[in-house]
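Colleague: The sequence shown begins at -19 in this note's numbering and counts up one residue at a time. For each residue, glycine too, the CB sits at the ideal point set by N, CA and C. Quick one: this structure, given as structure tokens, is what I'll be asking you about.
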Amino acid sequence: MTVKRDQITFRVPLTDAFHRAAQGFHQHHTDRQKGKRVYLNALSVQAVQFYLSCLGVTTCLEKSDSWQPVSQVLADTADLWVEDLGRLECRPVLPECASLEVPSEVWRDRIGYVFVQFDSALREATLLGFLPQVESETIALAQLQGLNALPEFLEGVRRDAAIASPTRVTLHNWLVQAVEAGWQTLDVILAAGQKNPAFSFRAPLTQTQWLKPLATGVKQGKFLTLSKAPEERILFIVGIAPTQKGAHFNITIEIYPAGNQTFLPPTLQMVVTDAANTPVLQAEGRQSEGLEFQFSGGAGEKFNVQLSFNQFTVTEQFEI
């Protein structure tokens, strides 16, 4: 693979420490091909981490799926967690490869993609360039944006995240009828759906238990759009109910298809994370009629709900 003369790259020495970390993950995998992928992924992630550290960008290996043996088994992931931004995919490129490969399983929940080419002895890595998003498993080298544009791109992502950052909703306030703007009772949502089909949901759901108010709690909902297309809309419902344990509460999180949609998009993903942004609950739409999580927590505990569909992500933040 030949890089354009005018394209800026960045070379990183693959130190013994890099290889020891990669070997530590490699030994967990008996499948030879899987072990090789995990090894190369670990090297590429560390190379990008080194580059970002030179720019003063804070990252965390421990929050990266690529640094979790279980996640390595489930997916061919080479992500690096960038603080306050999200996951940056660091795809390894072998010296003899004529094109860049990106598995479809990492096309979402990524802020961007950096491509890292190794020399034949695995002693040096070259960061070739990056892409903000991908929609194909095979990428031509000519498609890459120059590495010199990456810092500005990351800063743009940071600005957008700051603008889009939602206000954290304090759920126990709902119990005293102090509800943030944008949230509505189920009765109001039902009435809106009768007036405007775009703000409705499947008729069979109007007969189900979830529409009934909680006996000792509160449910509020709102519609969320999961892409630039208004038809990609879901109904998002959150409920809180006190328990007999004093400052402990039961929480419900529900999503349902809206508008003319009968089922949730199959690739829709709902993830609940704790205050440290560590996933604790996760499910996919898989063309189901709805998804629901139930859990409990103490007053003041924080959690987030992240809804991802293709390249689009919505995050709602809560405090019990």
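Exposed or buried, residue 128, counting other C-beta atoms within 10 Å across all chains shown (16 or more means buried)?
Modeller: Looking up residue 128 in the sequence shown gives position 148. Residue 128 is exposed by the Cβ-count criterion.
Colleague: Whose C-beta lies closer than 7 angstroms to the C-beta of residue 38 among residues of the same chain, with five residues either side of it excluded?
Modeller: As a position in the sequence shown, residue 38 is number 58, starting the count at 1. 63.
Colleague: Less than 8 angstroms between C-beta atoms, sequence neighbours within five positions excluded: which residues of the same chain meet that for residue 186?
Modeller: Here residue 186 is taken as the residue at index 206 of the sequence shown, counted from 1. Bear in mind that a pLDDT of 42 at residue 186, under 50, signals an unreliable position, so the model cannot answer this.
Colleague: Return the chain-ordered list of same chain residues with a C-beta closer than 6 angstroms to the C-beta of residue 24, the five sequence neighbours on each side being excluded.
Modeller: On the sequence shown, residue 24 is found 44 positions in, with the first residue counted as 1. Around residue 24: 58, 70, 72 and 96.
Colleague: Please report how far the alpha carbon of residue 279 lies from the alpha carbon of residue 155, in whole angstroms.
Modeller: In the sequence shown, the residue the question calls residue 279 occupies position 299. In the sequence shown, the residue the question calls residue 155 occupies position 175. Cα to Cα, the separation comes out at about 12 angstroms.
Colleague: Residue 60 to residue 133, Cα distance in whole Å?
Modeller: What you label residue 60 is simply residue 80 of the sequence shown in a count that begins at 1. What you label residue 133 is simply residue 153 of the sequence shown in a count that begins at 1. Their backbone Cα atoms lie some 16 angstroms apart in a straight line.
Colleague: Classify residue 266 as helix, strand or coil using the three-state DSSP reduction.
Modeller: Looking up residue 266 in the sequence shown gives position 286. If DSSP states are grouped into helix, strand and coil, residue 266 belongs with coil.
Colleague: By Cβ distance below 6 angstroms, which residues in the same chain neighbour residue 271 in space, the five residues on each side in sequence not counted?
Modeller: Translated into the one-based positions of the sequence shown, residue 271 becomes position 291. Here the set comprises 235, 250 and 263.
Colleague: Is it true that the CB of residue 285 sits closer than 7 angstroms to the CB of residue 233?
Modeller: Your numbering for residue 233 matches position 253 in the sequence shown. Your numbering for residue 285 matches position 305 in the sequence shown. Yes, Cβ-Cβ distance for residue 233 and residue 285 is below 7 angstroms.
Colleague: What span of residues does the alpha helix (DSSP H) with residue 27 cover, start to end?
Modeller: Residue numbering aside, residue 27 sits at position 47 when the sequence shown is read from its first letter. Taken as a continuous stretch (DSSP letters only), the alpha helix (DSSP H) holding residue 27 covers 12 to 34.
Colleague: Measuring only from the beta carbon, is residue 72 closer than 6 angstroms to any heavy atom that is part of the ligand FAD?
Modeller: Of ligands this structure carries none, so the ligand FAD is not represented either.
Colleague: Tell whether a beta-carbon distance below 7 angstroms holds between residue 301 and residue 166.
Modeller: The structure shown does not extend to residue 301, since the chain is modelled only from -19 to 300, so the question has no answer here.
Colleague: From the DSSP output, in three-state form, read off residue 108 for me.
Modeller: As a working note, residue 108 is residue 128 in the sequence shown. If DSSP states are grouped into helix, strand and coil, residue 108 belongs with the strands.
Colleague: Which partner residues of residue 220 appear in the DSSP bridge assignment?
Modeller: Here residue 220 refers to the residue found at position 240 when the sequence shown is read from its first residue. 198 and 231.
Colleague: Does the distance from the C-beta atom of residue 237 to that of residue 248 stay below 7 angstroms?
Modeller: In the sequence shown, counting from the first residue as 1, residue 237 sits at position 257. In the sequence shown, counting from the first residue as 1, residue 248 sits at position 268. Not in contact: residue 237 and residue 248 (Cβ atoms no closer than 7 angstroms).
Colleague: Could you pull the start and end residues of the alpha helix (DSSP H) that residue 49 belongs to?
Modeller: As a working note, residue 49 is residue 69 in the sequence shown. Where residue 49 is concerned, the enclosing alpha helix (DSSP H) stretches over 49 to 54.
Colleague: Considering only C-alpha positions, which residue in the set 104, 288, 161 and 299 is nearest to residue 205?
Modeller: In the sequence shown, residue 205 corresponds to position 225, counting from 1. Nearest option by C-alpha distance: 288.
Colleague: With DSSP as the reference, identify every bridge partner of residue 245, one or two as the case may be.
Modeller: As a first step, residue 245 is located in the sequence shown; it is residue number 265 there, counting from the start. Looking at the DSSP assignment, residue 245 forms no beta bridge with any residue, so it has no partner.
Colleague: Measure from the alpha carbon of residue 256 to the alpha carbon of each residue in -1, 298, 126 and 226, then state which is nearest.
Modeller: Within the sequence shown, residue 256 is the residue found at index 276, counting from 1. When each option's Cα is compared against that of residue 256, the closest is 298.
Colleague: Is residue 114 closer than 7 angstroms to residue 82 when the C-beta atoms are compared?
Modeller: Counting from 1 along the sequence shown, the entry for residue 82 is found at position 102. Counting from 1 along the sequence shown, the entry for residue 114 is found at position 134. Cβ distance < 7 angstroms, so residue 82 and residue 114 count as in contact.
Colleague: Which word fits residue 136, buried or exposed, when buried means at least 16 other C-beta atoms lie within 10 angstroms of its C-beta?
Modeller: Position 156 of the sequence shown holds residue 136. By the neighbour-count rule (16 or more Cβ atoms within 10 Å), residue 136 is not buried but exposed.
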